[in-house]
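In my numbering, the protein residues as written are 1311 to 1445. Here a beta-carbon is modelled for each residue, glycine too, at the ideal position from N, C-alpha and C. Okay, so here's the structure we're looking at.
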């Protein structure tokens, strides 16, 4: 899984990832502030401009099943040329969801056929309903 996925979903955890480039030279590759909000983590990782291109998503399937997160707005310039910022989680754990990814992209392309959406979506389901360790 992508380190950015963990940095996005890890609320209340400060992450700092550095790269040693020389004898004593280090460059920060990724850094979060330890915020308790997904919004703050998105702003820290991708910037306020990117966050302003997103809209919140909140879907309640049932009392125990819901989807929360953010998706790109449908207007031109709100998405990306590549589908490189699509993150899906089940109960706060990063997962690969190819069918959901395909569905999100197909639906988004109806409104914006030139770009891929930024998608950051957490699926909350009863823990006994799935095993996030098996894809």
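**Study point:** Close beta carbons around residue 1424, own chain, < 6 Å, minus the five adjacent residues each side
**Key:** Here the question's residue 1424 lines up with position 114 in the chain shown. Exclusion of the five residues before and after residue 1424 leaves no residue of its chain whose Cβ lies closer than 6 Å to its Cβ.
Exercise for review: Assuming residue 1383 and residue 1364 form a contact by the criterion Cβ under 8 Å, report the distance between their Cβ atoms to the nearest whole angstrom.
Suggested key: Locating residue 1383 in the chain shown gives position 73, counting from the first residue. Locating residue 1364 in the chain shown gives position 54, counting from the first residue. With 8 Å as the limit, residue 1383 and residue 1364 qualify as a contact, their Cβ atoms being about 7 Å apart.
Point to revise | Any 3 or more C-beta pairs closer than 8 Å across the region 1343-1355 and the region 1319-1334 | key: Three or more Cβ pairs closer than 8 Å define a contact, and the region 1343-1355 meets that threshold against the region 1319-1334.
Exercise for review: Throw me the rounded Cβ distance for the residue 1397 and residue 1315 pair, which I believe falls under 8 Å.
Suggested key: Position 87 of the chain shown, counting from 1, holds the residue named residue 1397. Position 5 of the chain shown, counting from 1, holds the residue named residue 1315. Sure, about 5 Å apart at Cβ, within 8 Å.
Check your understanding: How is the alpha helix (DSSP H) around residue 1421 delimited, first residue to last?
Key -> Position 111 of the chain shown holds residue 1421. DSSP places residue 1421 in the uninterrupted alpha helix (DSSP H) bounded by 1408-1421.
**Study point:** Between the CA atoms of residue 1351 and residue 1318 - distance to the nearest angstrom
**Key:** On the chain shown, position 8 is the one that residue 1318 refers to. On the chain shown, position 41 is the one that residue 1351 refers to. Straight across, the Cα-Cα distance linking residue 1318 with residue 1351 is about 5 Å.
Exercise for review: Name, in chain order, the residues that DSSP records as bridge partners for residue 1343.
Suggested key: Position 33 of the chain shown, counting from 1, holds the residue named residue 1343. DSSP, once it has assigned bridges, lists no residue as partnering residue 1343.
Check your understanding: Between the Cα of residue 1390 and the Cα atoms of 1400, 1360, 1406, which residue gives the shortest distance?
Key -> Numbered from its first residue, the chain shown carries residue 1390 at position 80. For residue 1390, the nearest C-alpha among the options comes from 1360.
Review point. Under 7 Å between the Cβ atoms of residue 1374 and residue 1436?
Key: Indexing the chain shown from 1 puts residue 1374 at position 64. Indexing the chain shown from 1 puts residue 1436 at position 126. Against a cut-off of 7 Å, the Cβ pair of residue 1436 and residue 1374 comes out as a contact.
Practice item. Can you give me the Cβ contacts of residue 1407 inside the same chain, cut-off strictly under 6 Å, excluding the 5 residues immediately before and after it? Key: Counted from its first residue, the chain shown places residue 1407 at position 97. 1398, listed in sequence order.
Point to revise | Sheet register partners of residue 1348 (DSSP bridge) | key: Counting from one through the chain shown, the residue named residue 1348 turns up at place 38. Looking at the DSSP assignment, residue 1348 forms no beta bridge with any residue, so it has no partner.
Check your understanding: What are the start and end residues of the beta strand (DSSP E) that includes residue 1364?
Key -> What you label residue 1364 is simply residue 54 of the chain shown in a count that begins at 1. Per DSSP, residue 1364 belongs to the beta strand (DSSP E) from 1364-1370.
Check your understanding: Under the rule that 16 or more other beta-carbon atoms within 10 Å means buried, what is residue 1372, buried or exposed?
Key -> Against the chain shown, residue 1372 aligns to sequence position 62. It is exposed - the Cβ of residue 1372 has fewer than 16 other Cβ atoms within 10 Å.
Review point. In terms of alpha-carbon separation, which member of 1431, 1404, 1439, 1388 lies closest to residue 1358?
Key: Stepping through the chain shown from its first residue, residue 1358 is reached at position 48. The shortest C-alpha separation from residue 1358 is found at 1388.
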